[in-house]
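Right, one structure below, let's go through it.
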Amino acid sequence: MTIVRYTLALISAAIGSILLIQFAKLVSLYRQDLSRGNLLPSDIDGRDYLWLGAWLVSGIALVLLTLVLVLRRRPNQLQD
26 MTIVRYTLAL
36 ISAAIGSILL
46 IQFAKLVSLY
56 RQDLSRGNLL
66 PSDIDGRDYL
76 WLGAWLVSGI
86 ALVLLTLVLV
96 LRRRPNQLQD
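Residue numbers (the working numbering): 26 to 105.
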């Protein structure tokens, strides 16, 4: 059971990292457009802001899930 838990933690950490990297890329693109004087990014439309929020929330949730899976102890282990 421990192997399954750590495998799930590894998978969720990988997916969470990918989502957070995508979030960082979109933020970087947005900042580049702002530095050029564009108020709205040329490559981002309104729906991408929804994805931006979804990537951020999903990435953070998966990283937290990873921490829970790795750091969680079973009740019988606390008695030792």
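Note that the Cβ used here is the ideal one computed from N, Cα and C, for glycine as well.
Run through DSSP, which three-state label would R97 get?
Three-state DSSP puts R97 in coil, outside helix and strand.
Length of the line joining the Cα atoms of L45 and G62:
Between the alpha carbons of L45 and G62 lies a gap of roughly 26 angstroms.
So, with DSSP's three-state summary, where would you put R56?
Three-state DSSP puts R56 in a helix.
Would DSSP call D105 helix, strand or coil?
Residue confidence is low: D105 scores 45 on pLDDT, short of 50, so the model does not pin down where it sits. Its coordinate-derived value is still stated next. Annotated three-state conformation of D105 is coil, per DSSP.
For my contact list, A34 and T91 are in at a C-beta cut-off of 8 angstroms; report their separation, rounded to the angstrom.
A34 to T91, Cβ: 5 angstroms. Contact.
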